[in-house]
Amino acid sequence: MSGIAASAVIHPLAVVEDGAVIGENVKIGPFCHVGPKVALGDGCELLSHVSVTGLTTIGRNARIFPCAVIGGEPQSIHHEGEETTLSIGDNCTMREGVTMNAGTVGGGGKTVVGSNNLFLANSHVAHDCKLGDHIILSNNVMLAGHVTVEDRAILGGGSAVHQFTRVGRHAFIGGLSAVSYDVIPYGMLNGNPGVLGGLNVVGMTRAGVERAVIHRVRRAFKQIFEGEGSARTNAAAIREEYLDCPQVIEILDFIAAESDRALSSPFRGKN
29 MSGIAASAVI HPLAVVEDGA VIGENVKIGP FCHVGPKVAL GDGCELLSHV
79 SVTGLTTIGR NARIFPCAVI GGEPQSIHHE GEETTLSIGD NCTMREGVTM
129 NAGTVGGGGK TVVGSNNLFL ANSHVAHDCK LGDHIILSNN VMLAGHVTVE
179 DRAILGGGSA VHQFTRVGRH AFIGGLSAVS YDVIPYGMLN GNPGVLGGLN
229 VVGMTRAGVE RAVIHRVRRA FKQIFEGEGS ARTNAAAIRE EYLDCPQVIE
279 ILDFIAAESD RALSSPFRGK N
């Protein structure tokens with residue numbers, strides 16, 4: 029076969045189809061299947077019973093555990109067999125039963141996953157999702173199509189994200205939450221339906237955000253969601269006050285951006 033590095037170790041009970049590109053020091057365990065249009069970066073390890081299919085590119089040092097299916101066709105009634113892609117960055121871990129689908133033509137044709145991400149057992153990344161870096165999807169997390177998850181977000185076990193929803197940087201989603209609307213950067217959402225309960229202060233502290241800055245972000249949060257106007261109107265009104273605070277400006281930019289979904293708030297979803 030062409031495209032297989034000499035240092036790759038492939039178990040005799042694995043199937044690596046002609047055309048696959050296998051990098052240096054890759055390990056492919058028993059009963060794995062690697063399709064003809066797959067590219068595995070240096071140092072990847074497929075433990076056993078892993079399927080990597082479609083037009084899928086995986087960066088360096090991925091670890092993929094048994095029964096994961098990576099690069100499968102999109103689960104969309106609009107998909108008619110067109111060739112679309114899945115690309116995954118470096119240093120990602122995909123635990124048992126993880127599924128990631130390629131994109132759809134209508135959604136741009138690409139599912140994109142960044143680097144240094146951890147996907148726990150049975151989590152799902154649907155077609156046309158866009159994921160950043162250093163993200164954790166806990167067990168049984170479900171991302172519907174066209175979802176965006178920004179850097180360092182953490183999604184608790186069993187949470188589900190509605191299609192086209194955005195989850196901002198450093199956001200935290202509690203276990204079993206239903207995420208139907210956009211979650212601001214640094215936001216913390218819990219419940220079904222999901223309610224924005226405040227800020228992910230623990231995550232901000234771990235990221236090195238100073239206490240004084242956290243207090244300013246809290247103040248801005250109250251101005252945005254407890255002011256007299258709508259959240260978008262309130263956010264626009266306070267921009268000048270926080271030009272020297274990148275964390276608040278990040279939240280304001282997220283709110284101002286075009287989106288297919290409304291904004292999660294402390295009140296949306298409550299009776």
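According to my numbering, the sequence shown is numbered sequentially starting from 29.
For each residue, glycine too, the CB sits at the ideal point set by N, CA and C.
Keep in mind the model is a prediction, meaning the values are calculated, not measured.
Cα-Cα separation between residue i and residue j, rounded to whole angstroms
i: residue 138; j: residue 81; result: 14 Å
i: residue 290; j: residue 176; result: 14 Å
i: residue 293; j: residue 247; result: 15 Å
i: residue 144; j: residue 163; result: 7 Å
i: residue 27; j: residue 229; result: No answer is possible for residue 27: it lies beyond the span of the chain, which begins at 29 and ends at 299.
i: residue 120; j: residue 253; result: 36 Å
i: residue 231; j: residue 154; result: 26 Å
i: residue 170; j: residue 202; result: 13 Å
i: residue 86; j: residue 67; result: 6 Å
i: residue 225; j: residue 218; result: 7 Å
i: residue 152; j: residue 184; result: 13 Å
i: residue 302; j: residue 258; result: Here the chain has residues from 29 to 299 only, and residue 302 is not among them.
i: residue 260; j: residue 276; result: 14 Å
i: residue 273; j: residue 124; result: 41 Å
Reduced DSSP category for residue i - H, G, I as helix; E, B as strand; rest coil
i: residue 73; result: strand
i: residue 276; result: helix
i: residue 29; result: For residue 29, the predicted structure reports a pLDDT of 41, less than 50, and the residue's modelled location is therefore unreliable. A value from the coordinates is still provided. Of the three classes helix, strand and coil, the one that applies to residue 29 here is coil, per DSSP.
i: residue 284; result: helix
i: residue 188; result: strand
i: residue 193; result: coil
Classification of residue i by the beta-carbon crowding that lies within 10 angstroms, buried from 16 upward
i: residue 295; result: exposed
i: residue 40; result: exposed
i: residue 250; result: exposed
i: residue 256; result: exposed
i: residue 288; result: exposed
i: residue 84; result: buried
i: residue 234; result: exposed
Residues that DSSP places opposite residue i in a beta bridge
i: residue 200; result: 182, 216
i: residue 39; result: Bridge partners of residue 39: none, in fact.
i: residue 44; result: 62
i: residue 177; result: 159, 195
i: residue 54; result: The partner list for residue 54 (beta bridge, DSSP) is empty, contrary to what the question assumes.
Could you tell me which uninterrupted beta strand (DSSP E) segments, each at least 3 residues in length, are contained entirely in the stretch 124 to 173, listed from first to last along the chain? 127 to 129, 138 to 141
Of all the alpha helix (DSSP H) runs that stay within the bounds of the stretch 203 to 274, which reach a length of 4 or more residues? 229 to 234, 239 to 254, 259 to 265
Beta strand (DSSP E) segments (min. 3 residues) lying fully within the stretch 68 to 114: 83 to 86, 97 to 100
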